[in-house]
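Every number in this note's numbering is 19 more than the matching position in the sequence shown, counting from 1.
Below: the structure, in C-alpha cells.
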Amino acid sequence: MGVEESAGSLDRERLALDQEKLELDKRRMRIEVLTSEYKNRFTEVMFHSERYHRQVNIIQLYLTVAVSLVVALSTNAAATMKASLPVRTADTLAAIVVTIAFLLALYLFTNVMDAIYTTYMNGRRLADLERKINRLANSRLLEWDSEIIPRLYSVDKFLDGAWIRPNVLMVVWGFLFFTGVSLGLCAATYVLVRPYFYVFTPVALFLTSVTLLNWRLLHREGMKFIDAAVSQTDPDTDGTSILYLIVLANTFLGYLPMLLLSVRDAAFYGPPHQFPFCSIISVALGDLVLIPLVAYMAISFLRDWTWRELRWPTMASVLLSGAVNAYLNYSWVHDQWTGFMDTQMGRLSAGGYVHLVYSFLVASLCTLFVIILVSAMRRDDPRLSPTSLAIARRGVAALTVFLALGIVDAALTHLRLVGGSTADLASALWPSLLVPASSAVLWILVSRALAASLKEA
Numbered sequence: 020m021g022v023e024e025s026a027g028s029l030d031r032e033r034l035a036l037d038q039e040k041l042e043l044d045k046r047r048m049r050i051e052v053l054t055s056e057y058k059n060r061f062t063e064v065m066f067h068s069e070r071y072h073r074q075v076n077i078i079q080l081y082l083t084v085a086v087s088l089v090v091a092l093s094t095n096a097a098a099t100m101k102a103s104l105p106v107r108t109a110d111t112l113a114a115i116v117v118t119i120a121f122l123l124a125l126y127l128f129t130n131v132m133d134a135i136y137t138t139y140m141n142g143r144r145l146a147d148l149e150r151k152i153n154r155l156a157n158s159r160l161l162e163w164d165s166e167i168i169p170r171l172y173s174v175d176k177f178l179d180g181a182w183i184r185p186n187v188l189m190v191v192w193g194f195l196f197f198t199g200v201s202l203g204l205c206a207a208t209y210v211l212v213r214p215y216f217y218v219f220t221p222v223a224l225f226l227t228s229v230t231l232l233n234w235r236l237l238h239r240e241g242m243k244f245i246d247a248a249v250s251q252t253d254p255d256t257d258g259t260s261i262l263y264l265i266v267l268a269n270t271f272l273g274y275l276p277m278l279l280l281s282v283r284d285a286a287f288y289g290p291p292h293q294f295p296f297c298s299i300i301s302v303a304l305g306d307l308v309l310i311p312l313v314a315y316m317a318i319s320f321l322r323d324w325t326w327r328e329l330r331w332p333t334m335a336s337v338l339l340s341g342a343v344n345a346y347l348n349y350s351w352v353h354d355q356w357t358g359f360m361d362t363q364m365g366r367l368s369a370g371g372y373v374h375l376v377y378s379f380l381v382a383s384l385c386t387l388f389v390i391i392l393v394s395a396m397r398r399d400d401p402r403l404s405p406t407s408l409a410i411a412r413r414g415v416a417a418l419t420v421f422l423a424l425g426i427v428d429a430a431l432t433h434l435r436l437v438g439g440s441t442a443d444l445a446s447a448l449w450p451s452l453l454v455p456a457s458s459a460v461l462w463i464l465v466s467r468a469l470a471a472s473l474k475e476a
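Shown next, in the form of C-alpha cells:
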C-alpha cells in the first residue's frame with residue numbers, strides 16, 4: 020500500500036514537472052516571437068532614422084539651390100534676359116518656378132514629419148514589446164523604450180534650468196524654418212510676379228499653417244493616436260483641431276484675400292470709395308472673429324446627422340444662399356456707391372468675387388444649421404441632448420451677434436451717406452432688423468429647450 024502511494028506521488032510530481040516545463044517552453048516561445056518582432060521594429064526604427072537624416076541633407080541642398088537661384092536672379096544678366104521676354108511669359112515662368120519651389124518645400128517638410136511619425140510609431144511598439152517580454156520573463160530586462168525614452172522625449176516638461184531638450188528645439192526651429200521659407204516665397208512672388216502674389220500668398224499661407232498645425236499636433240495628438248492604435252483602444256480627442264482648421268481656412272482663404280485685394284485696389288480705407296474694406300464692420304470684424312465660431316458650432320452640431328439626412332436640406336440651403344447672395348451682390352454693384360466689392364460701377368471687383376464665394380459658402384452652412392436645428396426641435400429629435408443643444412445655443416448666439424453687425428453697418432451707412440432725422444434713420448433700419456430678430460427668437464427657443472432638457476436629466 021505504501022509502495023503504491025509512493026508511486027502515485029512520484030507520478031503526480033512528474034506530471035507537475037512536465038506541466039511546468041511545458042509552461043516554461045510556451046513562455047520561452049512567446050519571448051522568442053516577441054524578441055524577433057522587437058528586432059524587426061528596431062531595424063525599422065533605424066531605417067526611418069536614416070531616412071530622416073537623408074531628408075535633412077536634401078533640405079540643405081534645397082536651401083543651397085534656392086539661395087543660388089536668388090543670387091542669380093539678382094544679377095544684371097538675369098534682368099536683361101527677363102526684359103527680353105514678353106511680360107506674360109516672364110510672369111508665367113516666375114509663377115511656375117515659385118509654385119514648384121513651394122510644393123517641393125511642402126513635400127520635404129512633410130517627408131520629415133512622416134519619418135518622425137513612423138519612428139514614433141515603431142518606438143511605441145518597441146515599448147509595448149518590452150513590457151510584454153518583461154512580464155513573461157518576470158523581470159525588468161528591457162527598459163529603454165518603455166521607461167527611459169518617454170521621460171527623455173516627453174514634451175510636457177522640456178525645460179530644466181537653462182537647458183532645453185533638443186527635441187523641443189527641433190520642433191521650434193523646424194516651425195520657424197518652414198515658416199521662413201513660405202514667407203520668403205510669398206515675398207518672391209511680390210517682387211518677381213506681383214499679380215500672382217494675391218493668389219499665391221493666401222493659398223500658400225493656408226497650406227503652410229495646416230502643415231505647421233500638424234507639425235505641432237504630431238507631438239501630442241499624434242502620440243495619443245499611436246498609443247490608442249497600439250493598445251487597440253479609441254483615441255481620446257476633443258475635436259478642437261476642427262476649430263483650428265476652420266479658423267485657418269476662414270482667415271487665409273476668405274478674409275486675407277479680401278483684405279489683400281482691397282489694398283491692391285486702393286479700397287482698404289478711405290476715399291475714393293464710399294464703402295472701403297475697413298468701413299464694413301460685418302466684414303472687417305464679423306468675418307474674422309464671429310464666422311469661425313458659427314462654423315465650428317454648426318459643424319459640431321451637424322456631425323450627429325448622416326449625409327443621407329442632410330442631402331436635401333443641403334440642396335435647399337445652397338439654392339437659397341445662392342439666390343440671396345446673387346440678389347444682394349447685384350444690388351450692391353448697381354447702386355450709386357462704390358466699395359472694395361465694386362471698385363467700378365456695375366461690376367464686381369476681384370475682392371467682390373472672393374466675398375461672393377465666401378458669403379455663399381458661409382450662408383449655405385448657416386442655413387443648413389438652422390434648418391436642421393428647427394426641424395429637430397419640431398420633431399423632438401432624441402439626438403438633441405443637453406450637449407448638442409448647448410452647442411446649438413452657442414452657435415445661434417454667435418450667428419445673432421454677427422447678423423446684428425448688419426444693423427450697425429446700415430446705421431453707419433445712413434448717417435454717413437444719407438443723413439436726416441432720427442425718424443428717417445429708424446425707417447431705414449427696420450428692414451435690417453428682421454433677420455437678427457428672427458435669430459434672437461431662435462436663440463430663446465433653443466435656450467428654453469436646453470433648460471427643459473437639463474431639468475429632465
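Note that beta-carbon positions come from the ideal geometry of N, C-alpha and C, so glycine has one too.
Quick caveat: nothing in here was measured; it's all calculated off a predicted structure.
- Just the Cα atoms here: how many angstroms apart are T129 and A303? 34 angstroms
- Message: If the criterion is Cβ atoms closer than 7 angstroms, does the pair H374 and M364 meet it?
- Response: no
- Message: For L339 and D110, what's the separation of their Cα atoms in angstroms?
- Response: Straight across, the Cα-Cα distance linking L339 with D110 is about 40 angstroms.
- Query: Straight-line CA distance for L160 to N153?
  - Reply: 6 angstroms
- Message: Between the alpha carbons of H353 and L367, how many angstroms are there, rounded?
- Response: When only Cα atoms are considered, H353 and L367 end up about 10 angstroms apart.
- In the DSSP assignment, find the unbroken alpha helix (DSSP H) run with R235 in it and report its ends. 213 to 237
- Query: Okay, do the stretch 280 to 296 and the stretch 377 to 393 touch, 3+ Cβ pairs below 8 angstroms being the bar?
  - Reply: no
- Message: Using the three-state DSSP reduction, which class does Q38 fall into: helix, strand or coil?
- Response: helix
- Under 8 angstroms by Cβ, that's how I've got F194 and F225 pegged, so tell me the actual separation to the nearest angstrom. F194 to F225, Cβ: 16 angstroms. No contact.
- Query: Considering D428, what are the terminal residues of the alpha helix (DSSP H) in which it resides?
  - Reply: 405 to 432
- Item | Closest Cα partner of L384 within the set P311, A430, Q355, T406 | Its Cα nearest to that of L384, the residue P311 stands out among P311, A430, Q355, T406.
- Task: Below 8 angstroms on the Cβ atoms is my guess for L469 versus R412; work out the distance and round it to an integer in Å.
- Result: 6 angstroms
- Query: By Cβ distance, which residues of its chain are closer than 8 angstroms to V117, with the 5 residues on each side in sequence left out?
  - Reply: L204, A207, T208, L211, V212, Y215, F219
- Item | Burial state of D164 (16 or more Cβ within 10 Å) | buried
- Give the range of the alpha helix (DSSP H) segment to which L367 is assigned. No alpha helix (DSSP H) contains L367, which DSSP labels as neither H nor E.
- Query: Y81: which of K58, F121, R144 sits nearest, CA to CA?
  - Reply: F121
- Task: May I ask which residues mark the beginning and end of the alpha helix (DSSP H) holding N344?
- Result: 326 to 352
- Task: Just the C-alpha distance for V52 and E166, rounded to the nearest angstrom, thanks.
- Result: Between the alpha carbons of V52 and E166 lies a gap of roughly 22 angstroms.
- Is F483 helix, strand or coil when you go by DSSP? What is shown of the chain runs 20 to 476, which leaves residue 483 out entirely.
- State yes or no: is the C-beta of T362 within less than 7 angstroms of the C-beta of D284? yes
- Which residues mark the beginning and the end of the alpha helix (DSSP H) in which G241 is found? 240 to 250
- Query: Under the DSSP definition of a beta bridge, which residues are partnered with F294?
  - Reply: F294 pairs with G358.
- Between P332 and L275, is the Cβ-Cβ spacing less than 7 angstroms? no
- Message: Quick check on this structure: which residue in E149, V131, L145 has the alpha carbon closest to the alpha carbon of M189?
- Response: V131
- CB-CB length for T419 against W351, believed under 8 angstroms: At roughly 23 angstroms, the Cβ-Cβ gap does not stay under 8 angstroms, so T419 and W351 are not in contact.
- Query: Among T83, T138, S466, which one has its Cα closest to the Cα of F66?
  - Reply: T138
- Item | For L123 and N76, the rounded distance between their alpha carbons | 14 angstroms
- Item | Simplified DSSP assignment, three categories, for D400 | Coil, per DSSP.
- From the DSSP output, in three-state form, read off E162 for me. In the three-state reduction of the DSSP assignment, E162 falls in the coil class.
- Report the rounded CA-to-CA distance for Y349 versus V381, giving the unit in angstroms. 18 angstroms
- Message: Helix, strand or coil for D323? Go by DSSP, reduced to three states.
- Response: Here D323 sits in coil by DSSP.
- Query: Measuring CA to CA, which of S158, D399, E162, V187 is closest to Y172?
  - Reply: V187
- Message: Looking at L148: is its Cβ nearer than 7 angstroms to the Cβ of Y57?
- Response: yes
- Task: Under 7 angstroms Cβ to Cβ from L422, same chain only, skipping five residues before and after it: list those, please.
- Result: V454, P455, S458
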